[in-house]
Amino acid sequence: MLKPEQLFRAEIRDLSAYHVQDAADYIKLDAMENPYTWDDEQKQLWLETLAEVSVNRYPDPGAEQLKAELRRTMQVPDNSAIILGNGSDELIQMLALAIAGAGHKLLTPEPGFVMYRLLAQIAGMEYVSLPLQNSNFDLDKAAMLAAIKKHQPALVFLAYPNNPTGNLFERSTVEAIIQATPGLVVVDEAYCAFAQDSFMADLEKYPNLLVMRTVSKIGLAGLRVGMLAGDTQWLNELEKVRLPYNLNVLSQASAIFALQHYERLTEQTQKICKDREALFQALKAMPPVQVWPSQANFILFRVPDAPALFASLKQQGILIKNLHGSHSLLENCLRVTVGKPDENRLFLDALRKGLGI
Ligand SMILES: *Cc1c(COP(=O)(O)O)cnc(C)c1O
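Residues in the sequence shown are numbered consecutively from 1, following the UniProt record's numbering.
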């Protein structure tokens, strides 16, 4: 019998599987989830909708009704096409699989979203990264444009706002990158609902721009629904890579239902933005903490000893994300997701205790 090293490609054997922390019994502030659930009346209506679903049939392969709701709520320009993924992670995977080969490279700034690297490696696509500016995590415009000139990337990913730093990159730099890139530029707007700007309307201006969205961070992470919008000439090719029934009937029906009540999700995201500001001010008032402003539903901050503080918080029942060791610019950095007010308060109490202040 063959051994794994004879069967699996070296790039795959070199990977480590995406690790998700076991969160049982913790106050969970590690994964950018919306902390709010639905009231009983809405749950009842949802269950009635699901009761009508034919689970004996395959899903609508084009997910047309869901696409229409996403178009409406995410303000996709009429001339742009859309394609759906089982989460936006799957869209990143489709792009990498469809474009890998012929020496094509994927370029992205770091620290950034880890799935870009992981999925490039799985697809066998050369991955090029370059650092953000140290002070404020904005793009280094000159370095980005020089790298684009040198590497001629087939695919550029820019998370806007960026994860794990929470900032929006300078718009004019993003525009310059779109114009300089010979391939496609994906502006990943997973946190759009918490931010002041978007590139959705710019789809009409830039033919090589694709805008990616997800419903995960606005309260529907469990459904796994992501969307990519852009020119038909690209999305028609991507459709060939998409598995025909990648969005199951329950996810489609649930997402349609939730988006028909979109104003409830908007109320929640607005509440989270307010609570983010309170949390930011509280962190800013703690002398040993360095904190960066955020346009997302999480906050990046630096402490004297992140691994020790992470362990202390965990021991106090609070799970956040330890970024120390993940990138040289993130030394002693932690990331906390904005939770409910009482969760944020417990986090701050535990943090003070852990810092000994
Ligand atoms: C969370 C996240 C995603 C993935 O979202 P899913 O739709 O849940 O797969 C994509 N991009 C960024 C930057 C994210 O932080």
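Backbone N, C-alpha and C fix where the C-beta goes; we use that ideal spot for every residue, glycine too.
Could you tell me which residues DSSP pairs with residue 27 in its beta bridges? In the sequence shown, the residue the question calls residue 27 occupies position 27. In the DSSP assignment, residue 27 is bridged to 318.
Does residue 150 pass the burial test, meaning 16 or more other C-beta atoms within 10 Å, or should it be called exposed? In the sequence shown, residue 150 corresponds to position 150, counting from 1. Classification for residue 150: exposed.
For residue 214, is the beta carbon positioned less than 6 angstroms from some heavy atom of ligand 1? As a first step, residue 214 must be located in the sequence shown, where it is residue number 214. Within the chosen limit of 6 angstroms, ligand 1 reaches the beta carbon of residue 214 through at least one heavy atom.
Enumerate, from N- to C-terminal direction, the unbroken beta strand (DSSP E) stretches of 3 or more residues contained entirely within the segment 141-178. Counting only runs of 3 or more, we get 155-159.
With a threshold of 8 angstroms, are at least 3 pairs of Cβ atoms found where one atom belongs to the segment 333-342 and the other to the segment 270-286? Cβ pair count under 8 angstroms is three or more, so yes.
Is residue 190 near ligand 2 - that is, is its Cβ less than 6 angstroms away from at least one heavy atom of it? Among the ligands in the structure shown, ligand 2 does not appear; only ligand 1 can be found there.
Is the closest heavy atom of ligand 1 to the C-beta of residue 113 under 6 angstroms? In the sequence shown, counting from the first residue as 1, residue 113 sits at position 113. For ligand 1, at least one heavy atom lies less than 6 angstroms from the Cβ of residue 113.
Confirm the yes/no value for this check: CB of residue 356, any heavy atom of ligand 1, distance under 6 angstroms. Taking the first residue of the sequence shown as position 1, residue 356 is located at position 356. Checking every heavy atom of ligand 1 against the Cβ of residue 356, none is found closer than 6 angstroms.
Integer-rounded CB distance, given that residue 206 should sit under 8 angstroms from residue 157: Taking the first residue of the sequence shown as position 1, residue 157 is located at position 157. Taking the first residue of the sequence shown as position 1, residue 206 is located at position 206. The beta-carbon separation of residue 157 and residue 206, rounded to 15 angstroms, does not stay under the 8 angstroms limit for a contact.
With residue 161 and residue 191 assumed to form a contact (beta carbons below 8 angstroms), what rounded beta-carbon distance in angstroms separates them? Within the sequence shown, residue 161 is the residue found at index 161, counting from 1. Within the sequence shown, residue 191 is the residue found at index 191, counting from 1. Yes, residue 161 and residue 191 are in contact; Cβ-Cβ is about 5 angstroms, under 8 angstroms.
Quick check: what's the CA-CA separation for residue 28 versus residue 347? By one-based count along the sequence shown, residue 28 stands at place 28. By one-based count along the sequence shown, residue 347 stands at place 347. Whole-angstrom Cα-Cα distance: 10 angstroms.
Given 8 angstroms as the limit, is there contact between the segment 176-183 and the segment 195-211, that is, 3 or more CB pairs closer than that? Contact annotation: the segment 176-183 touches the segment 195-211, with at least three C-beta pairs closer than 8 angstroms.
Which residue spans inside the segment 196-275 form an unbroken alpha helix (DSSP H) run of at least 4? DSSP runs (the alpha helix (DSSP H)) wholly in the segment 196-275: 232-239 and 249-260.
Measuring straight from C-alpha to C-alpha, what distance separates residue 97 and residue 123? For the purposes of this step, residue 97 is identified with residue 97 of the sequence shown, where counting begins at 1. For the purposes of this step, residue 123 is identified with residue 123 of the sequence shown, where counting begins at 1. About 5 angstroms.
How would you write the range of the beta strand (DSSP E) that residue 131 sits in, first residue to last? Stepping through the sequence shown from its first residue, residue 131 is reached at position 131. Here the beta strand (DSSP E) through residue 131 covers 126-131.
Give me the residue from 15, 286 and 120 with the minimum Cα distance to residue 92. The count along the sequence shown starts at 1 and reaches residue 92 at position 92. Closest by alpha carbon: 120.
Is DSSP giving residue 81 helix, strand or coil here? Looking up residue 81 in the sequence shown gives position 81. If DSSP states are grouped into helix, strand and coil, residue 81 belongs with the strands.
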